[in-house]
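First to last, the protein sequences are chains P and Y.
By the count of the numbering used here, the first sequence reaches residue 443 at its end, each step adding exactly one.
By the count of the numbering used here, the second sequence reaches residue 443 at its end, each step adding exactly one.
Take a look at the structure below.
There are 2 protein chains.
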Amino acid sequence: MTKLIWVLMFSLLATIPQAEELKSSQGTLVMTKVADGFDTPWAIAFLPDDNVLITDRGGSLYILRQHQKHRIKGTPRVFGQGQGGLLDVMVPRDFIQSREIFLTFSKRQNRGSGTALAVAELSLDFKRLIRFRILFEAAPSSTSSRHFGSRVIEAADGSLVMTLGERGERDSAQDLSLHQGSIIRLNRDGSVPRDNPFVGDPTAQSQIWSYGHRNPQGLAQDLHGAIWAVEHGAKGGDEINLIRKGANYGWPVISYGRHYSGSKIGEGTAKPGLQQPAWYWNPSIAPSGMMIYSGKLWPQWRGHFFVGSLKFDYISRLSGRALSEKERLTSPQTGRIRDVAEAPDGSIWFASETEGAIYRLSPANE
Amino acid sequence: MTKLIWVLMFSLLATIPQAEELKSSQGTLVMTKVADGFDTPWAIAFLPDDNVLITDRGGSLYILRQHQKHRIKGTPRVFGQGQGGLLDVMVPRDFIQSREIFLTFSKRQNRGSGTALAVAELSLDFKRLIRFRILFEAAPSSTSSRHFGSRVIEAADGSLVMTLGERGERDSAQDLSLHQGSIIRLNRDGSVPRDNPFVGDPTAQSQIWSYGHRNPQGLAQDLHGAIWAVEHGAKGGDEINLIRKGANYGWPVISYGRHYSGSKIGEGTAKPGLQQPAWYWNPSIAPSGMMIYSGKLWPQWRGHFFVGSLKFDYISRLSGRALSEKERLTSPQTGRIRDVAEAPDGSIWFASETEGAIYRLSPANE
Numbered sequence: 078m079t080k081l082i083w084v085l086m087f088s089l090l091a092t093i094p095q096a097e098e099l100k101s102s103q104g105t106l107v108m109t110k111v112a113d114g115f116d117t118p119w120a121i122a123f124l125p126d127d128n129v130l131i132t133d134r135g136g137s138l139y140i141l142r143q144h145q146k147h148r149i150k151g152t153p154r155v156f157g158q159g160q161g162g163l164l165d166v167m168v169p170r171d172f173i174q175s176r177e178i179f180l181t182f183s184k185r186q187n188r189g190s191g192t193a194l195a196v197a198e199l200s201l202d203f204k205r206l207i208r209f210r211i212l213f214e215a216a217p218s219s220t221s222s223r224h225f226g227s228r229v230i231e232a233a234d235g236s237l238v239m240t241l242g243e244r245g246e247r248d249s250a251q252d253l254s255l256h257q258g259s260i261i262r263l264n265r266d267g268s269v270p271r272d273n274p275f276v277g278d279p280t281a282q283s284q285i286w287s288y289g290h291r292n293p294q295g296l297a298q299d300l301h302g303a304i305w306a307v308e309h310g311a312k313g314g315d316e317i318n319l320i321r322k323g324a325n326y327g328w329p330v331i332s333y334g335r336h337y338s339g340s341k342i343g344e345g346t347a348k349p350g351l352q353q354p355a356w357y358w359n360p361s362i363a364p365s366g367m368m369i370y371s372g373k374l375w376p377q378w379r380g381h382f383f384v385g386s387l388k389f390d391y392i393s394r395l396s397g398r399a400l401s402e403k404e405r406l407t408s409p410q411t412g413r414i415r416d417v418a419e420a421p422d423g424s425i426w427f428a429s430e431t432e433g434a435i436y437r438l439s440p441a442n443e
Numbered sequence: 078m079t080k081l082i083w084v085l086m087f088s089l090l091a092t093i094p095q096a097e098e099l100k101s102s103q104g105t106l107v108m109t110k111v112a113d114g115f116d117t118p119w120a121i122a123f124l125p126d127d128n129v130l131i132t133d134r135g136g137s138l139y140i141l142r143q144h145q146k147h148r149i150k151g152t153p154r155v156f157g158q159g160q161g162g163l164l165d166v167m168v169p170r171d172f173i174q175s176r177e178i179f180l181t182f183s184k185r186q187n188r189g190s191g192t193a194l195a196v197a198e199l200s201l202d203f204k205r206l207i208r209f210r211i212l213f214e215a216a217p218s219s220t221s222s223r224h225f226g227s228r229v230i231e232a233a234d235g236s237l238v239m240t241l242g243e244r245g246e247r248d249s250a251q252d253l254s255l256h257q258g259s260i261i262r263l264n265r266d267g268s269v270p271r272d273n274p275f276v277g278d279p280t281a282q283s284q285i286w287s288y289g290h291r292n293p294q295g296l297a298q299d300l301h302g303a304i305w306a307v308e309h310g311a312k313g314g315d316e317i318n319l320i321r322k323g324a325n326y327g328w329p330v331i332s333y334g335r336h337y338s339g340s341k342i343g344e345g346t347a348k349p350g351l352q353q354p355a356w357y358w359n360p361s362i363a364p365s366g367m368m369i370y371s372g373k374l375w376p377q378w379r380g381h382f383f384v385g386s387l388k389f390d391y392i393s394r395l396s397g398r399a400l401s402e403k404e405r406l407t408s409p410q411t412g413r414i415r416d417v418a419e420a421p422d423g424s425i426w427f428a429s430e431t432e433g434a435i436y437r438l439s440p441a442n443e
């Protein structure tokens, strides 16, 4: 009898997701592991009906359905060297009608590789991507295996906004004839919006919306629809920027950081005509995904920024008209955060590369 | 006979406008005095059919019709101390239908004065303003007699954008609960556009579009509809800025200038979250009105900036993706330029306070 109870209890415990705690300024948070077994989980995106998409950088796209992880077929072949691979996944607002999802990845090209954006439909059984097509490829190719970016969001006006790293080729970020080191804006079908800032400029790529970026790996909209990016800077120069049409964010002309060799960057920290960051981290935290909270579970966090740190193993919370870091959410499970995302129910999810797992944060009194 | 010819020639010469020359990078310009007898001509605005409006800061609004200057009745009583008075005049795109014109001026208030915006209709005989009404008054009042701004333009979307100086009370420029030291945006009827950046913020005036300005006295739209302002900075810190929604231009926290006492300003020349200027002048030129050229008479100047200098008696021409001063247009007639404007025919007009006159520039081969 006693033995039977123990067996029953053990079985029950084995199927209940493990819950841990994480202390925060809003009280204790419950942290639940929702999926594991990933190599480098890179992005989290939410589908209707509690289904969740997760990319693994090696090239796999997973769906979580009823607490089970399944691999989706039909994903693109990726250029998997260095920081490359399958990167972001984004679910547009009309998914229920369109079944479309968007993926960013590093793509092998004739003379190297380039960051690409693709769209595909998710089959009705959620098992495969169909009608896959490339919407954009960065040009020209680069032979480096670093600084691909990339995140993509659906802006308030329905356009697609996507970040592109400078591939470690610094001066590319100031060269408008190259896509590298820019944030681009496309129509849903991959065409160029007529009101992009460099349309009609024969010296510029027409997809470019802003430039002078190093390696932006986080992108989010605030409650007013403004677009913010977070980028890996040089040593001591990781930046959050409000992304403005046509603006130059200064890399490598200005930076609050220094080259990893210790040498000074460009012309200093500021220059007329070049954008200042809204916030920078010194020392660098290696920022990854970013989310701006809009949910109901923590009303006092509405409008606050949550950014993952790859280097210091925490989630940074920032707020204020003059943006500043207010809190570092950390626990043994927050190793090498790759993405932070808000679920439709207002819970906060994150991907830990160290754990190879996805976690969900919710209030203790939920 | 000979005497008669001389008399005829003399009469003829007396009625022909005097033409002088001004050297430029686009060849010799013909400079014609089109009106004189002003005290402090402050703004020039063009009506259809070659009629021109000119404000004189003391409080008079003039119209030039068939080379004759007439005073228009029905202008507002102005607060005429210091830098105050009747300031800008603007003709909206629908003038032919609406007969409306807009005026900015310093207005006496209960406890001092404030910069105001008014609209009125110009009577069909062009002799008086009718249905005059105030659309906006800066709050709270200030007892200073300095830094009123002000220019007003009709933005591409039909809203009204207007500059306001900080009245010499520096910290006002960072205080969103005060209008001083900001650029505001209004609907045509004076109401607040719902998409203004601080709508719903109880700590801010809802008209504010951008802030941290010192004394912006020039405002212009470029060929893409973007809005630029030029402002009087501290010593060595006059700035041209691309005006972005909700942005903070830094006065008096940052500046490339120094206080006129020689002491350092605020925290230096740059700070995260604060906008850098697109261009600054050191030494200061005391910039007044600004025009961005869109005409056909000098195709190579399309998109270039023309800014009047009160202090150094020239018109500055600036251009480039990284904006810089390319040329200084100067002559004995360019003393204390108060405004620069483009006429419908593409000629460039300017107001000289030293001469108390308005001049027209045109190509020598026109």
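Virtual Cβ for every residue (Gly too), placed ideally from N, Cα, C.
Per DSSP, the beta bridge partners of Y:W305 are Y:A297 and Y:L319. When Cβ-Cβ separations below 8 Å define contact, P:P354 makes contact with chain Y. For the region 332-360 of chain P, residues whose beta-carbon sits nearer than 9 Å to a beta-carbon of chain Y comprise Y333, G345, T346, A347, K348, P349, G350, L351, Q352, Q353, P354, A355, W356 and Y357. Under DSSP, P:L199 forms a beta bridge with P:L206. Judged by their CB atoms, Y:G114 and Y:R134 are not nearer to each other than the 8 Å cut-off. Under the DSSP assignment, Y:S175 falls in the alpha helix (DSSP H) whose first and last residues are F172 to S175.
Residues of the region 393-406 of chain P with a C-beta atom less than 7 Å from some C-beta of chain Y are A399 and L400, listed in chain order. With the criterion set as a beta carbon lying under 7 Å from some beta carbon of chain Y, the members of the region 302-332 of chain P are R321, in sequence order. Taking a 10 Å sphere around the C-beta of P:Y337, we find fewer than 16 other C-beta atoms and assign the residue as exposed. Bounds of any beta strand (DSSP E) do not take in Y:Y370, whose DSSP letter is neither H nor E. Rounded to whole angstroms, the gap between the alpha carbons of Y:P360 and Y:L99 is 24 Å. Between the beta-carbon of Y:S219 and that of Y:Q160 there is about 12 Å, and that puts the pair past the 8 Å contact cut. In this structure P:A216 does not touch P:G245 by the C-beta definition: roughly 17 Å separates them, more than the 8 Å allowed. Taking the C-beta atoms as reference points, Y:L406 is found no nearer than 8 Å to Y:F382.
Under DSSP, P:K184 shares a beta bridge with P:G191. In this structure Y:G334 touches Y:A311 by the C-beta definition: roughly 4 Å separates them, less than 8 Å. Going by DSSP, Y:K146 is part of the beta strand (DSSP E) stretching over Q145 to I149. Collapsing the DSSP output to three states places P:A420 in coil.
If you check the CB distance, P:Q298 and P:A233 come in under 8 Å.
If you look at P:T240, you'll find it in the beta strand (DSSP E) that goes L237 to L241. At the C-beta level, P:G345 and P:G423 stay beyond 8 Å of one another.
Secondary structure at P:D126: coil, using DSSP grouped into helix, strand and coil. By the C-beta criterion, the region 166-180 of chain P is judged not to be in contact with the region 100-112 of chain P, since fewer than 3 inter-stretch pairs fall below 8 Å.
Of the residues P:I320, P:R271, P:G289 and P:L438, the one whose Cα lies closest to the Cα of P:Y370 is P:L438.
Excluding five sequence positions before and after Y:A434, the CB atoms of its chain that fall closer than 7 Å to its own CB belong to K110, A112, D113 and F115, given in chain order.
If you ignore the 5 residues before and after Y:D390, its C-beta comes within less than 6 Å of the C-beta of T411 and G412, all in its own chain and listed in chain order. The three-state reading of DSSP puts P:R247 in helix, counting H, G and I together.
Under the three-state reduction of DSSP, Y:W328 is assigned to coil, being neither helix nor strand. Beta-bridge partners of P:G104 (DSSP): P:S101.
For the options Y:R271, Y:G295, Y:S287 and Y:D266, the alpha carbon positioned closest to that of Y:L255 is the one of Y:S287.
With 16 or more other CB atoms across the displayed protein chains lying within 10 angstroms of its CB, P:T132 is buried. Put simply, the backbone Cα of P:R321 is about 11 Å away from that of P:I285. When the alpha-carbon of Y:L263 is set against those of Y:V229, Y:Q294, Y:L351 and Y:N292, the nearest one is in Y:V229. Residue P:I317 holds the alpha-carbon nearest to the alpha-carbon of P:S396 among P:I140, P:L199, P:G313 and P:I317. Separation of P:G289 and Y:D202 (C-alpha to C-alpha, rounded to the nearest whole angstrom) is 55 Å.
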